[in-house]
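In this note's numbering, the protein residues as written are 5 to 361. Yeah, the Cβ is synthetic: ideal placement off N, Cα and C, and Gly gets one too. Quick notes on the structure that follows.
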């Protein structure tokens, strides 16, 4: 029998409790958005990993065991990403690794734990590892779950907030039949193994209460090509310095849904694509409604030719901007409707979708 959401909430640990588990070297489970897959990962800070914890993940998790690390660690080891990974929401796998010395076949729990400890050591060097191997590093996005609400970023964030090195070992949890375990499976699973279980959404909410990724740097009156008398807000990402824009048409009323388009800047696609321009179509609908917000996210990978709606841009930065502007309920302009992970943590709610053609 499925539990109600209120019953499930009672079984979930807070972000503070999860961080304390990490600080004490204990494994825990984090689940992604309840409106999304509800998939859970076993996670332990990489600094605390042992052969026993690797064996537990292999036996009881059954998914791929990966090493999530922040960008500084990845760069220190000179680990390139696998293939042409330009999709913003894609898990950022690097080439697989193995300790150069001190292991045998590399696949045993002891060998993998040793490789992980070697990779995350403060004095680790590219010469300490070889590729390919049996450990699969993942590169976390700068800004963590506030930028991308994934298990990779969550593992790194929790480890960092626990005062440990910014790296975590993660493993998806599968059921006996090979399908992915969902929240209703994971709660009894956690009790059976005496593990705390929390959510990425709660981690986002915790970080949002204590820190911020973007700050508004300016607001000016602006006559756009679509409509005059708008407000153009500029926001700066305090992590990497990237500037993002918010074009506000009319007034934002907290008691009415706001029409919103979060658009990832793509110079080639926006200017040269033979397809109808999603930006123009979205703005036409906002102007017709008389009010709304266009968020323009500046993307370092903006040369990617993939269409905007196939890319499903993450809403971490966009959500912070929308919340800062006072948006509560929104009608999202997109050709790819669906739940957006983590937006509840920003007190945002999608009340409808509209196609942009």
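- Contact check for residue 337 and residue 291: beta-carbon distance about 12 Å, past the 8 Å limit, so the pair fails to qualify.
- Inter-segment contact for the segment 187 to 202 and the segment 248 to 265 is absent: fewer than three beta-carbon pairs are separated by less than 8 Å.
- Per the coordinates, the alpha-carbon of residue 26 lies some 33 Å from the alpha-carbon of residue 332.
- Look at the beta carbons and you see the segment 29 to 49 not touching the segment 132 to 147: under three pairs across the two are nearer than 8 Å.
- The DSSP-derived three-state label of residue 109 is coil.
- Bounds of the alpha helix (DSSP H) holding residue 195 are 187 to 196.
- Spanning the alpha carbons of residue 67 and residue 159 requires a straight line of approximately 16 Å.
- Here the segment 167 to 187 lies against the segment 71 to 87, with 3 or more beta-carbon pairs under 8 Å apart.
- Looking at 12, 46, 287, the one whose alpha-carbon comes closest to that of residue 199 is 46.
- DSSP links residue 176 through a beta bridge to 45.
- The C-beta of residue 233 has fewer than 16 other C-beta atoms within 10 Å across all chains shown, which makes the residue exposed.
- Taking 8 Å as the cut-off, the Cβ atoms of residue 302 and residue 237 do not count as close.
- Taking 3 residues as the minimum length, the beta strand (DSSP E) runs contained wholly in the segment 204 to 280 are 218 to 226, 234 to 241, 247 to 253, 262 to 268, in order along the chain.
- Under DSSP, residue 66 forms a beta bridge with 177.
- If only uninterrupted beta strand (DSSP E) runs of at least 3 residues are considered, those enclosed by the segment 316 to 348 are 333 to 337.
- Per the Cβ contact rule, the segment 91 to 109 is not in contact with the segment 52 to 59 (fewer than 3 Cβ pairs under 8 Å).
- Checking the DSSP bridge columns, you'll see residue 98 partnered with 85.
- Sequence-distant partners of residue 120 (beyond 5 residues in either direction) whose C-beta falls short of 7 Å from its own C-beta, in its chain, are 50, 53, 71, 139, 173.
- Residue 128 and residue 83 do not touch by the CB rule: their CB atoms are close to 11 Å apart, not below 8 Å.
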